[in-house]
Amino acid sequence: MDTPLSPTAGNHAVPPSEPHSEQLFGPPSEPLTAGQLRELYSLMVAVRHLDTSAIAWQRQGLIPGYAPELGQEAAQVGSGYAVDTTRDFVFPTYREMGVARAMGVDMVAYMSTHKATWHGGLYDPQESRLAPIQAVVGGSVLHAVGWAHGQTLAGTADATLGVAMTYFGDGASSQGDIHEAMNFAAVMKAPVVFFVQNNGWAISVPTARQVAGGSVAARAAGYGIPALRIDGNDVVAVVEATRSAFAHCRAGNGPVLIEAMTYRRGPHSTSDDPGRYRSLNEERDGAGEDPLERFRKRLLADGVADEAFFAEALAAAKAEEEEIRAGIQALGSRPGGEMFDLVFQETTPALQAQAANWREESEHV
Amino acid sequence: MSNAILESEAAMADGTPRRGVEQLSMQQALNRALDEVLAGNPKTLIFGEDCGRLGGVFRITDGLQAKYGTGRVFDTPLAESGILGMSVGLAMAGFHPIPEVQFDGFAYPAINQIVCQIARMNYRSRGTMPMPITLRVPSFGGIRAPEHHGESLEALFAHVPGLKVVSPSNPHEAYHLLRYAATRPDPVIFMEPKSRYWQKGEVNFDSADPSGSRTGASPTGAKVMREGRHLTLVAWGAMVARCLQVAELAAEDGIDIEVLDLRWLKPIDEAALTASVRKTRRAVVVHEAPLTSGLGAEVAQLITQGCFDTLKAPVERITGFDVPYPSGDLEDEYIPNIDRILFGIQRVLEYRRG
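Going down the list, the protein sequences come from chains A and B.
Just so you know, we're using our numbering here: the first sequence kicks off at 12 and counts up by one.
Just so you know, we're using our numbering here: the second sequence kicks off at 3 and counts up by one.
Quick look at the structure:
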């Protein structure tokens, strides 16, 4: 029989510990400038607005489904912001819209995957430095290890190594591939940042029922991988931790795991009903303070930004969302021939024959 | 030592393709193919369990780590999903991985990475992330190995969109097909018949097709291994040699059998298949895998579709049974043997309509 859930199941029961930054070796990064702090805020507002709008898009029938990241803006924008898109590469799941936006990915092309236009989205992954959206939980984590080992093999001098950053959650941490990936990366000293967003919930199952051993970060120790468990709702802490992890990897010291403690404030997806597994009170207690509001207060208190700036950022976010929505609205279906053309680089006679039949018969419909 | 041999060894030392004809085992032929592939393309990498220092449990990668270094040929931790998942990332980074799973049955733990990732990444990425991965799988039975060390996974792989599947039947085919597969931009499952690893045969390094037969001039498509008039035996991998034996025996009774080595199990060379059966008007397909939903069903359908008007009898399938691949002596009961194939031929020859 299941043990009864504590009423505090979810993430607020697991406060983040201090980062173990003494385990990381690499040149320290410059403190964030006021301009960068404002840029981070603008990104978070843009992501928040696009994310909440996407749920409305789904309700309005513009897209068939969406996996919101409400509450994870600091974790996603902060980590994505630390990526050097001239040399690093990022491996997302299906809930990394904030990462994509922070990396400067074409957002119409990115959001097209939620319109079910094409599985991996329409963005060019090589150019964007963002692997195609991945529906298999934990599926791309090993790819990051392979890509990263490729950087080592390519013989790039240390300190200029490209780093792979791979995203997964507390739920995915149960997958065998995650453990294989951590072990492979550690054995090969591959420059990989395992970025875990522990958002408290794998659909309906809370972290307490998912993760043995106290935390995902604790597992890293078993592989000899330094781990940082950070407040994933503090965007500055996320940028700093991610930058120090990148510096550690780039210097040839092997992988790092970051467990960013955050909270999935919304449903798992637009098809989910959190009311079946958590109460509004639990949600409020577990979520803690809104990361966006928290950052806004901090910028105000530090005199980095004022109300006029916040208003401007929101207006820009709204304009951006309108543009993306128009792009998504205008997006037609892909031509059916692509189904056949994109299976292989070198097609097969059987596939050509099927395509020819399809073409002939669909023309008569 | 003759000059020819000395020249041949000199060629090997700098990795340039060999010339001439040599007697080699399939293990040697595969090893040489890999040697030349590594020499020819600095982006090719060989890795898997025990592939490095040991040279693989079947010694297919013997000596390659010493020659090309631990960056090009390396041992991985013992985890097949890890090996194949890592291959995806390396391919994304511009490499041509040639991973090995040690035995066919251990491809199962990697199925998620093979089916959900390797096979689909080109499609998912709209062709921007091709997966030039040549997965070597020591395959099929016949070596009295423990459970999961003898399996026939061709139908499983052939069913997956995005994968190509090939199996060599002799050292010559092994050399040329592997060299070809390892230069393709798409994922190829390379199924090596492990029971044939130590059988020697003539390898013509100059030509992919020493026999000069019409259908086998390139390393693509099927190949007629023996011409005949009365019936076509369709086979691949280790079953080709067995079918050639059967053909010799049948010839003593005046039955003239054609043996078609399918070689590519995806894509299947439909033109060669139907050309052969249109001529012989009878076909028996032989494979080690279980009967139900085996590749024999696909072959039989292609023959029926292409040769219905001229077929003299329904296509017969001589296969393994719908049971887990057995071990020990039971292997002899399971793998199609000469008698079972001969019975199948007899049923087809004696078939009368109505």
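Backbone N, C-alpha and C define an ideal beta-carbon position, used for all residues, glycine too.
In this text the structure is predicted, and so the values were computed from the model without any measurement.
_Below 9 Å on C-beta distance, what does residue 365 of chain A contact in chain B?_
Residues of chain B passing the Cβ test: none, with the nearest at roughly 11 Å.
_Which residues of the stretch 341-361 of chain A have a Cβ closer than 7 Å to any Cβ of chain B? Give them in chain order._
Close to chain B, meaning a Cβ-Cβ distance shorter than 7 Å, are the following residues of the stretch 341-361 of chain A: 353, 354, 355, 356, 357, 359, 360 and 361.
*Ignoring anything shorter than 4 residues or poking outside the stretch 87-118 of chain A, list the alpha helix (DSSP H) runs there in chain order.*
Secondary structure remark: continuous alpha helix (DSSP H) runs of at least 4 residues inside the stretch 87-118 of chain A, in chain order: 108-114.
*Between residue 277 of chain B and chain A, is there a C-beta pair that is closer than 8 Å?*
Closer than 8 Å: no.
*How would you call residue 187 of chain A, buried or exposed, if buried means at least 16 neighbouring beta carbons within 10 angstroms?*
By the neighbour-count rule (16 or more Cβ atoms within 10 Å), residue 187 of chain A is not buried but exposed.
_Using C-beta distances below 7 Å, list every residue in its chain close to residue 323 of chain B, excluding the 5 sequence neighbours before and after it, in chain order._
Answer for residue 323 of chain B: 292, 293 and 336, listed in chain order.
*asked:* For a contact defined as C-beta to C-beta under 9 Å, what are the partners of residue 192 of chain B on chain A?
replied: Under the 9 Å cutoff, chain A gives no residues; its nearest Cβ is about 16 Å from residue 192 of chain B.
*Please report the Cβ distance between residue 173 of chain B and residue 28 of chain B, rounded to the nearest whole angstrom; I am assuming they are in contact, meaning their Cβ atoms lie under 8 Å.*
So it is a contact: roughly 5 Å between Cβ atoms.
*In three-state DSSP terms, what is residue 15 of chain A?*
Its pLDDT being 39, under 50, residue 15 of chain A is placed unreliably by the model, and the measurement read from it follows with that caveat. Here DSSP, grouped into helix, strand and coil, assigns residue 15 of chain A to coil.
*Give a yes or no on whether 8 Å exceeds the smallest Cβ distance from residue 379 of chain A to chain B.*
Within the shown structure, residues of chain A are numbered from 12 to 376, placing residue 379 of chain A beyond reach of any answer.
*Helix, strand or coil for residue 77 of chain A per DSSP?*
DSSP places residue 77 of chain A in coil when its eight states are reduced to three.
*For residue 146 of chain A, which residues from the same chain have a beta carbon less than 7 Å from its beta carbon, with the 5 sequence-adjacent residues on both sides left out?*
Result list for residue 146 of chain A: 105, in chain order.
*Compute the beta-carbon to beta-carbon distance between residue 278 of chain A and residue 103 of chain A, rounded to the nearest angstrom, for a pair I have assumed lies under 8 Å.*
So it is not a contact: roughly 19 Å between Cβ atoms.
*asked:* Looking at chain A, is there any beta carbon in it that lies within less than 8 Å of the beta carbon of residue 52 of chain B?
replied: No, its Cβ sits nowhere closer than 8 Å to a Cβ of chain A.
*Whose Cβ in chain A lies nearer than 8 Å to the Cβ of residue 83 of chain B?*
153, 187, 188 and 191, listed in chain order.
_Cα-Cα separation between residue 216 of chain B and residue 101 of chain B, rounded to whole angstroms_ = With a pLDDT of only 37 at residue 216 of chain B, under 50, the local geometry of the prediction cannot be trusted, and no value is derived from it.
*Inter-residue Cα distance where the pair is residue 235 of chain B and residue 357 of chain A*: Each residue's Cα considered, the two are about 29 Å apart.
*DSSP on residue 131 of chain B, reduced to helix/strand/coil?*
Three-state result, residue 131 of chain B: coil.
*Starting from the beta carbon of residue 78 of chain B, find every residue of chain A whose beta carbon is closer than 9 Å, and list them in chain order.*
Chain A residues near residue 78 of chain B: 195, 198 and 199.
*Could you name the residues of chain B that residue 45 of chain A contacts, counting a contact when the two beta carbons are closer than 9 Å?*
Here the premise fails: no neighbours, minimum Cβ distance about 37 Å.
*Would you verify that the beta carbon of residue 167 of chain B is, or is not, closer than 8 Å to some beta carbon of chain A?*
Closer than 8 Å to the CB of residue 167 of chain B there is not a single CB belonging to chain A.
*asked:* Please state the DSSP three-state secondary structure of residue 26 of chain B.
replied: Strand at residue 26 of chain B.
*asked:* Measuring straight from C-alpha to C-alpha, what distance separates residue 101 of chain A and residue 343 of chain B?
replied: Straight-line measurement puts the Cα of residue 343 of chain B at about 54 Å from the Cα of residue 101 of chain A.
_I'd like the list of long-range same chain contacts for residue 51 of chain B, defined as Cβ closer than 6 Å, with 5 residues on each side in sequence excluded._
Excluding residues within five positions, the ones whose Cβ falls inside 6 Å are 80 and 104.
*Does the stretch 292-308 of chain A touch the stretch 32-41 of chain A, meaning 3 or more C-beta pairs lie closer than 8 Å?*
The stretch 32-41 of chain A vs the stretch 292-308 of chain A: no contact.
*Neighbouring residues, chain C, relative to residue 147 of chain A (Cβ below 8 Å)*: The structure shown has no chain C; the protein chains it does contain are A and B.
*Do the stretch 88-101 of chain B and the stretch 130-144 of chain B make contact, defined as three or more Cβ pairs closer than 8 Å?*
The stretch 88-101 of chain B vs the stretch 130-144 of chain B: in contact.
*asked:* I want to see whether chain A comes within less than 8 Å of residue 44 of chain B, judged by CB atoms only; does it?
replied: Not closer than 8 Å to any Cβ of chain A, the Cβ of residue 44 of chain B fails to qualify, so no.
*What are the residues that DSSP puts in a beta bridge with residue 320 of chain B?*
DSSP, once it has assigned bridges, lists B:288 as partnering residue 320 of chain B.
*asked:* Pop quiz: residue 89 of chain A and residue 253 of chain A are said to be a contact at Cβ under 8 Å. What is the actual Cβ separation, rounded to whole angstroms?
replied: About 7 Å; that satisfies the 8 Å criterion.
*Compute the Euclidean distance between the alpha carbons of residue 356 of chain B and residue 372 of chain A, then round it to the nearest angstrom.*
Taking C-alpha positions only, residue 356 of chain B is separated from residue 372 of chain A by approximately 36 Å.
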